[in-house]
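A.B. asks: Residue numbers (the numbering used here), protein chains in the order written: chain A, 283 to 392; chain B, 126 to 239. C-beta atoms are modelled at their ideal positions from N, C-alpha and C, and glycine is treated no differently. Have a look at the structure that comes next, please.
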Amino acid sequence: SQQGEEDPQALSIQEGENATMNCSYKTSINNLQWYRQNSGRGLVHLILIRSNEREKHSGRLRVTLDTSKKSSSLLITASRAADTASYFCATDGATNKLIFGTGTLLAVQP
Amino acid sequence: DTAVSQTPKYLVTQMGNDKSIKCEQNLGHDTMYWYKQDSKKFLKIMFSYNNKELIINETVPNRFSPKSPDKAHLNLHINSLELGDSAVYFCASSRQARLNYGYTFGSGTRLTVV
Chain A
283 SQQGEEDPQA LSIQEGENAT MNCSYKTSIN NLQWYRQNSG RGLVHLILIR SNEREKHSGR
343 LRVTLDTSKK SSSLLITASR AADTASYFCA TDGATNKLIF GTGTLLAVQP
Chain B
126 DTAVSQTPKY LVTQMGNDKS IKCEQNLGHD TMYWYKQDSK KFLKIMFSYN NKELIINETV
186 PNRFSPKSPD KAHLNLHINS LELGDSAVYF CASSRQARLN YGYTFGSGTR LTVV
């Protein structure tokens, strides 16, 4: 069974706007990761946040983690058309496996 | 230079055939994985090898058999292909089996069974 669920399933914004995606998971975790998948391509690792961290930044990306609510958010600031992709969260869950969520499809309109 | 490379990129085959997908990584990673992504983009882990040793074997039909001749290669052989096997198969690698590192994915193999 999948560990994480992203919300919303799809998001459409204009270039320059910020995009926020949320991820909820079910079991305790050691870390949570976010990945991007462009259409027809493999997944690209974006950022990893450990369970003892609350916020992490990487360029235009900001990830937060709330272990009490079992949720994480990914914020992309000043979005660009090239950010159009599916975004997945992934957690290690209770087993030694990286389990992916259902993904958010982000469309950035130029 | 591609870090994780899969071949072929596309595979169209008839039901009942046997096919293989090859994967190679040049990152020096110890652990490799096979994931299956269905038409709804749901990714499910199938297998994981750490230094040629099988460490994860999900509930996958035994028609699927992974083989790791060395830690840089992980191939997937599928016997008696069925329509439901149609999906995109991704190979990935990570520095270690512990989940403290991001995975590097290949570009995928789109398998279509007709």
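1) From the DSSP output, in three-state form, read off A:K379 for me.
2) Between the region 157-178 of chain B and chain A, which residues of the former have CB atoms less than 9 Å from a CB of the latter, in chain order?
3) Near B:N176, which residues of its chain fall below 7 Å by C-beta distance, leaving aside the five closest residues on each side in sequence?
4) Where DSSP assigns a beta bridge to B:V239, which residues make up the other side?
5) List the whole-angstrom C-beta distance separating B:P191 from B:Y174, where the pair is believed to meet the contact cut-off of C-beta under 8 Å.
6) Are any of the Cβ atoms in chain B nearer than 8 Å to that of A:K379?
7) For B:T132, would you say it is in contact with chain A, using Cβ-to-Cβ distances shorter than 8 Å as the test?
8) Give me the Cα-Cα distance between A:C305 and A:G286, rounded to the nearest whole angstrom.
9) Looking at the secondary structure, which residues open and close the beta strand (DSSP E) in which B:K147 lies?
10) Identify whether B:D195 lies in helix, strand or coil by the three-state DSSP scheme.
C.D. replies: In this structure, then:
1) coil
2) Contact residues of the region 157-178 of chain B toward chain A are Y158, Y160, Q162, K165, K166, F167, L168, K169, I170, S173 (C-beta to C-beta distance below 9 Å).
3) D155, K196
4) Beta-bridge pairing links B:V239 to no other residue.
5) 7 Å
6) yes
7) no
8) Answer to the nearest angstrom: the Cα atoms are 6 Å apart.
9) 144-150
10) Note: B:D195 maps to strand in three-state DSSP.
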